[in-house]
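*Asks:* Can you keep this structure in mind? I'll have questions shortly.
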Amino acid sequence: MRFTFSTVAKTKVTVITAPSARVEKLPVFLPTRELLTIYPGFVSLYETTHLPFEETWRDTCLLLGAPLARGPRESRIKQLLVPLEESMGGSVVFDHDQFYLRIPSGTMEMHLVAEGLRKLATVARLIATGSLLDKGYLFWDEPEANLNPKVVKTVARTILRIAKSGIQVFVATHSLFLLRELHILQQRDFRAIDGRCFGLHIGPEGAVTVSQGKTMDDVGDITALDEELQQSERYVDTELKVPLTPTADVDEG
35 MRFTFSTVAK
45 TKVTVITAPS
55 ARVEKLPVFL
65 PTRELLTIYP
75 GFVSLYETTH
85 LPFEETWRDT
95 CLLLGAPLAR
105 GPRESRIKQL
115 LVPLEESMGG
125 SVVFDHDQFY
135 LRIPSGTMEM
145 HLVAEGLRKL
155 ATVARLIATG
165 SLLDKGYLFW
175 DEPEANLNPK
185 VVKTVARTIL
195 RIAKSGIQVF
205 VATHSLFLLR
215 ELHILQQRDF
225 RAIDGRCFGL
235 HIGPEGAVTV
245 SQGKTMDDVG
255 DITALDEELQ
265 QSERYVDTEL
275 KVPLTPTADV
285 DEG
């Protein structure tokens with residue numbers, strides 16, 4: 035699809051080209067902020083009140099509240115859920131318009147669960163309802179936010195498993211760790227998945243240019259990579275120049 039809009043336009047855009055057919059399955063969008071804790075009453079409030087939230091949040095909440103998928107798809111759902119539930123230490127439960135994490139010692143209200151694990155719980159719920167199964171699209175903004183590297187590894191593998199099941203996945207990230215983990219897994223366990231990398235760069239006069247390729251090496255400079263290499267150099271340099279006698283920054287006057 036191609037479209038343009040004026041910088042002074044508020045409600046209208048000019049559509050140049052459009053798809054020849056409608057998307058049958060509703061795409062899934064996951065923002066950086068998890069939605070399980072704001073789910074209770076959010077949809078009804080959004081429909082009756084002016085709220086400063088994107089409509090994609092409302093769409094995702096509708097999918098979160100859908101019933102669990104049953105039938106032949108359950109075995110494939112279980113394959114995707116098992117590693118997520120192992121990382122969370124439990125399973126997601128939906129009861130009386132509230133989400134909980136059921137763990138061996140009991141049931142925790144979702145707002146008591148670490149925010150990073152809530153993101154895994156969100157994905158687990160969408161898989162369990164069938165929203166992230168078969169054909170469809172997943173747009174995930176910064177999957178690594180609030181996650182430690184060990185869980186990011188689980189997220190990377192989950193992203194590729196979802197893609198392998200037939201979902202087209204779009205990921206926006208600033209994490210070099212996640213980029214490398216996705217690359218490693220694609221080279222080792224998911225070679226059949228055709229992935230592409232896109233880099234956005236600010237050009238002359240503020241214009242944004244897009245570069246693309248099969249790997250990270252094809253998209254130009256990556257700020258996260260440059261900063262990590264520079265920090266490593268500063269760290270090594272600092273360690274080599276540590277004084278034998280520690281000094282304190284104090285006022286001797």
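In this text, residue positions in the sequence shown follow this note's numbering: the first is 35, and each later residue adds one. C-beta atoms are modelled at their ideal positions from N, C-alpha and C, and glycine is treated no differently.
#1: So, do the stretch 163-177 and the stretch 193-206 have three or more beta carbon pairs nearer to each other than 8 angstroms?
#2: I need the straight-line Cα distance from A206 to S139, nearest angstrom please.
#3: Drop a sphere of 10 angstroms on the beta-carbon of Q113, count the other beta-carbons inside from all chains shown, and report buried for 16 or more, exposed for fewer.
#4: Determine the closest residue to A258 out of I137, E68, L210 and R191, with distance taken between C-alpha atoms.
#5: Considering only C-alpha positions, which residue in the set R191, P101, Y134 and E143 is nearest to P177?
#6: Just to confirm before moving on: does the CB-CB distance between A103 and G164 stay below 8 angstroms?
#7: Can you name, in chain order, every residue of its own chain whose Cβ lies under 8 angstroms from the Cβ of N182, other than the five neighbours on each side?
#8: According to DSSP, what are the bridge partners of L64?
#9: Can you tell me the Cα-Cα spacing of P117 and I111, whole angstroms?
#10: Taking 8 angstroms as the cut-off, decide whether the C-beta atoms of G233 and I256 are in contact.
#11: How should I196 be labelled, buried or exposed, when 16 other C-beta atoms within 10 angstroms of its C-beta is the threshold for buried?
#12: Assign R152 to one of two classes, buried (16 or more other C-beta atoms within 10 Å of its C-beta) or exposed (fewer than that).
#13: Kindly indicate the opening and closing residues of the beta strand (DSSP E) around G233.
#14: Starting from the N-terminal side, write out each stretch of the beta strand (DSSP E) that is 3 residues or longer and does not extend beyond the stretch 107-183.
#15: Could you check the C-alpha separation between D254 and T243 for me, to the nearest Å?
#16: If you pair each beta-carbon of the stretch 47-56 with each one of the stretch 73-90, do three or more pairs fall below 8 angstroms?
*Replies:* Put simply:
#1: yes
#2: Taking the first residue of the sequence shown as 1, we reach residue 206 at position 172. Taking the first residue of the sequence shown as 1, we reach residue 139 at position 105. Looking at the two C-alpha atoms, the distance is approximately 36 angstroms.
#3: Taking the first residue of the sequence shown as position 1, residue 113 is located at position 79. Burial call: exposed.
#4: Translated into the one-based positions of the sequence shown, residue 258 becomes position 224. Of the listed residues, the one whose Cα sits closest to A258 is L210.
#5: Taking the first residue of the sequence shown as position 1, residue 177 is located at position 143. Among R191, P101, Y134 and E143, the Cα nearest to that of P177 belongs to R191.
#6: By one-based count along the sequence shown, residue 103 stands at place 69. By one-based count along the sequence shown, residue 164 stands at place 130. For A103 and G164, yes; Cβs fall inside 8 angstroms.
#7: Within the sequence shown, the letter at position 148 stands for residue 182. Hits under 8 angstroms: G150.
#8: One-based indexing of the sequence shown puts residue 64 at position 30. Looking at the DSSP assignment, L64 forms a beta bridge with W174.
#9: Locating residue 117 in the sequence shown gives position 83, counting from the first residue. Locating residue 111 in the sequence shown gives position 77, counting from the first residue. P117 and I111: Cα-Cα distance of roughly 11 angstroms.
#10: If you number the sequence shown from 1, residue 233 lands on position 199. If you number the sequence shown from 1, residue 256 lands on position 222. The beta carbons of G233 and I256 sit closer together than 8 angstroms.
#11: Here residue 196 refers to the residue found at position 162 when the sequence shown is read from its first residue. If you draw a 10 Å sphere on the C-beta of I196, you find 16 or more other C-beta atoms in it, and that means buried.
#12: Translated into the one-based positions of the sequence shown, residue 152 becomes position 118. Burial call: buried.
#13: Counting from one through the sequence shown, the residue named residue 233 turns up at place 199. From DSSP, the beta strand (DSSP E) with G233 extends over C231 to I236.
#14: Whole beta strand (DSSP E) segments, 3+ residues: 125-129, 132-137, 140-143 and 170-175.
#15: Stepping through the sequence shown from its first residue, residue 254 is reached at position 220. Stepping through the sequence shown from its first residue, residue 243 is reached at position 209. The question names Asp, yet the displayed sequence has Gly at residue 254. If I take the Cα positions, the gap works out to 11 angstroms.
#16: no
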